[in-house]
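Undergrad:
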Amino acid sequence: MFFLQETASRLSLLVEMHAPFIFMPQTSRSYNVLLVDLGHLQVTNSFEKLSSRSSSGIPAVLDKMSVTLTSVKLSRSVVFGA
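Just add 3 to the spot in the sequence shown (first one is 1) and you have our numbering.
#1: In this structure, how does DSSP classify Thr30 when only helix, strand and coil are distinguished?
#2: So, under 8 Å CB-CB, Ser80 and Val36 are touching, yes? Tell me the CB distance rounded to an integer number of Å.
#3: Using DSSP's beta-bridge definition, name the partner residues of Leu77.
#4: Given this structure, state the Cα-to-Cα distance separating Asn48 from Leu17, to the nearest angstrom.
#5: For Arg56, which three-state DSSP category applies?
#6: Tell me the rounded alpha-carbon separation between Lys67 and Ser57.
#7: Is the separation between the beta-carbon of Leu44 and that of Met20 shorter than 9 Å?
#8: Rounded to whole angstroms, how far is the Cβ of Leu72 from the Cβ of Ala22, which I believe are closer than 8 Å?
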């Protein structure tokens, strides 16, 4: 018998990007803003075979995913005009 789990594709990730800037005004009419620079975002994953098996004898595979933010900055500012 053919089991999908035996031939399932596994995709290894390594994604790196500059995370967004977020401007949050103090109020809807305020020029005062909180500026959040989320810095650098990195997403990676790895696979690990576990010792436990399904009833058909197929080993369980754990997909570990890691999300890392570095260089996060928080500041306040005043924004005039648009």
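Think of the CB as a built atom: it goes at the ideal place given N, C-alpha and C, for glycine as much as any other residue.
TA: On the basis of the data shown:
#1: DSSP places Thr30 in coil when its eight states are reduced to three.
#2: Their Cβ separation, rounded to whole angstroms, is 5 Å, which keeps Ser80 and Val36 in contact under 8 Å.
#3: Note: Leu77 sits in a beta bridge opposite Val39.
#4: Their backbone Cα atoms lie some 7 Å apart in a straight line.
#5: The answer is strand: DSSP assigns Arg56 an E or B state.
#6: Lys67 and Ser57 have their C-alpha atoms spaced approximately 19 Å apart.
#7: Contact flag set, yes.
#8: Their Cβ separation, rounded to whole angstroms, is 6 Å, which keeps Leu72 and Ala22 in contact under 8 Å.
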